[in-house]
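To start, the structure itself, in structure tokens.
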Amino acid sequence: MTWTARWSLRLILVAGGAVLVWLLVGALWSVVLPTLLAVILATVLWPPTAWLRRHRFPPALAAATVLLVGIVLLGLLITLIGTSVAGSVSQIAASATTGIQAIRDWLAGPPLDLGQSQLDEYIQQATAQLQQSVSTIATSVVTGVGGVASGVVTAILTLVLAFLFVKDGPRFLPWIRTVAGDGAGGHVAEVLRRIWKTLGDFIRTQAIVSLVDSVLIGAGLFILGVPLALPLAVLTFLAGFVPIVGAIVAGALGVLVALVSNGFTTALIVLVIIVAVQQIEGNVLQPMLQSRSLGLHSAVVLLAVTGGSTLYGIAGAFLAVPAVAAAAVVLRYLGERVDERTGVAGTPDASSEDPGPATYTDGPTPPEDAVDAPDDEPGEAVEKPG
1 MTWTARWSLR LILVAGGAVL VWLLVGALWS VVLPTLLAVI LATVLWPPTA
51 WLRRHRFPPA LAAATVLLVG IVLLGLLITL IGTSVAGSVS QIAASATTGI
101 QAIRDWLAGP PLDLGQSQLD EYIQQATAQL QQSVSTIATS VVTGVGGVAS
151 GVVTAILTLV LAFLFVKDGP RFLPWIRTVA GDGAGGHVAE VLRRIWKTLG
201 DFIRTQAIVS LVDSVLIGAG LFILGVPLAL PLAVLTFLAG FVPIVGAIVA
251 GALGVLVALV SNGFTTALIV LVIIVAVQQI EGNVLQPMLQ SRSLGLHSAV
301 VLLAVTGGST LYGIAGAFLA VPAVAAAAVV LRYLGERVDE RTGVAGTPDA
351 SSEDPGPATY TDGPTPPEDA VDAPDDEPGE AVEKPG
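Here is the structure:
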């Protein structure tokens, strides 16, 4: 068999495997999604959990404490903003009425010069169209309720899995070495270690992007005199980890609070600020930072987000970049092994300089002499495979 034929066969096998993986992920999406989200959440929960474990907290108690504290803080923030908005319902209605009247006056003036009769006709047409779409709206509401229920189940499963990953994280890689053997297990453990570091880099980059968003938007709210500027800025930071929906919800709340407290003009200015900041973040800042931290080109990041959102919606948009980055880690590792076999000196992978999850402070797989290593470690510490 010629060289061309061998590589053609390999490409066909790789393409077939990729299609098979894609079909399998689609069929098991209800399981894959919470698992991936839980792994990413575990990268956030692990540093404070590791700190508690170093201070003699049992693994389960440390993981549960960090998870519960995070949930409570998020709940308090949402309650603070929700209470403030809910207590101003009448003011919201009055501001909305004033805003609608201002829009009608603008439409009636130059350059449009729409008369009152024309406006009433357009309103009647819109009302008739809405009445004709009642069945479609009802179906959408039912579908939305089902989606909310499914989202609640996914969220609960994600939290449970994240708790288990953080609690038992130090056991995973030694267990893989035990099951797969020192040869294959060592390679798998090393790849997983690098992927873990990549996920940590992704979360840190996303945190930087969200921080920039929250600071700029919060500063705009503060300068305009909008109340709850600090809670709204914190909510913007947290919402930055949820693509599309997070930005819409946080932005809508900011505009709503501005409308209630400062009027229509201020709300419009807040809307312009939020849209401008989010456009700069989504199209410039985020691709640049993620391409540098994850070793991916900016175009690859943009295409990954676009493709992920097309295939799997919001969740796909969020998971696309870490998934592509993880695939790149695997390809780099395979390239290193090929270079070793052929005697070609390659450039060391940047992630190999970081101890990653094989240490107690940076990932969920500490060395054997960690705090509770005798109880937590069923196997030997992870070594770099030969």
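So in the UniProt record's numbering, spot 41 of the sequence shown is number 41, and the numbers just go up one at a time. Just so you know, even glycine gets a beta-carbon here, dropped at the ideal spot from N, CA and C. Nothing here was measured: the structure is a model prediction, and the numbers come from that model.
Item, Value
"Coil, strand or helix - T4 by DSSP", "helix"
"Cβ neighbour criterion (16 or more within 10 Å) applied to D213", "buried"
"Whole runs of the alpha helix (DSSP H) within the region 227-266, excluding any shorter than 4 residues", "229-239, 245-262"
"For residue 389, the first and last residue of its enclosing alpha helix (DSSP H)", "Residue 389 lies beyond the stretch modelled for the chain, which goes from 1 to 386, so this question has no answer here."
"Inside the region 170-232 only - beta strand (DSSP E) runs reaching at least 3 residues", "none"
"Residue of G282, G16, L334, T127 minimising C-alpha distance to R194", "L334"
"Burial state of G82 (16 or more Cβ within 10 Å)", "exposed"
"Residue interval of the alpha helix (DSSP H) (run including L33)", "29-54"
"Of the residues G225, A149, V21, Q278, the one placed nearest S210, counting alpha carbons only", "Q278"
"Classification of I176 by the beta-carbon crowding that lies within 10 angstroms, buried from 16 upward", "buried"
"Alpha-carbon spacing of L13 relative to G181, whole angstroms", "26 Å"
"Contacting residues, own chain, Cβ-Cβ under 6 Å from A233 (five flanking each side not counted)", "S214, G218"
"Pair within 8 Å by beta-carbon distance, A325 and F241", "no"
"Extent of the continuous alpha helix (DSSP H) run through P322", "298-342"
"Secondary structure of P58, DSSP reduced to three states", "coil"
"Assumed close pair L173, A184 - CB separation to whole angstroms, cut-off 8 Å", "The pair is not a contact, with the Cβ atoms about 13 Å apart (cut-off 8 Å)."
"P110 (DSSP reduced to helix, strand or coil)", "coil"
"Cβ-based burial, P287 [other Cβ within 10 Å; buried from 16]", "buried"
"E340 versus L11 - alpha carbon distance", "21 Å"
"Three-pair Cβ contact test at 8 Å for the region 314-331 versus the region 285-299", "yes"
"Residue nearest to L164 in terms of C-alpha spacing, selected from L67, R54, L192, L73", "L67"
"Rounded C-alpha distance that separates L271 from A247", "12 Å"
"Contact between the region 248-267 and the region 218-228 (3+ Cβ pairs under 8 Å)", "yes"
"Given L221 as reference, the closest of L253, L192, L238 once Cα atoms are compared", "L253"
"Rounded C-alpha distance that separates A64 from R53", "12 Å"
"Neighbourhood of V141 by C-beta distance below 7 Å, restricted to the same chain and skipping five residues each side", "Because V141 sits at a pLDDT of 46, beneath the cut-off of 50, its placement in the model cannot be relied upon, and the point is left open."
"Buried/exposed call for A155, threshold 16 Cβ in 10 Å", "exposed"
"G307 versus E121: straight-line alpha-carbon distance, rounded", "42 Å"
"Test item: CB-CB of G169 and A42 under 8 Å", "yes"
"Three-way DSSP call (helix, strand, coil) for G26 in this model", "helix"
"Option in L20, A299, L289, T2 with minimal Cα separation from R204", "L289"
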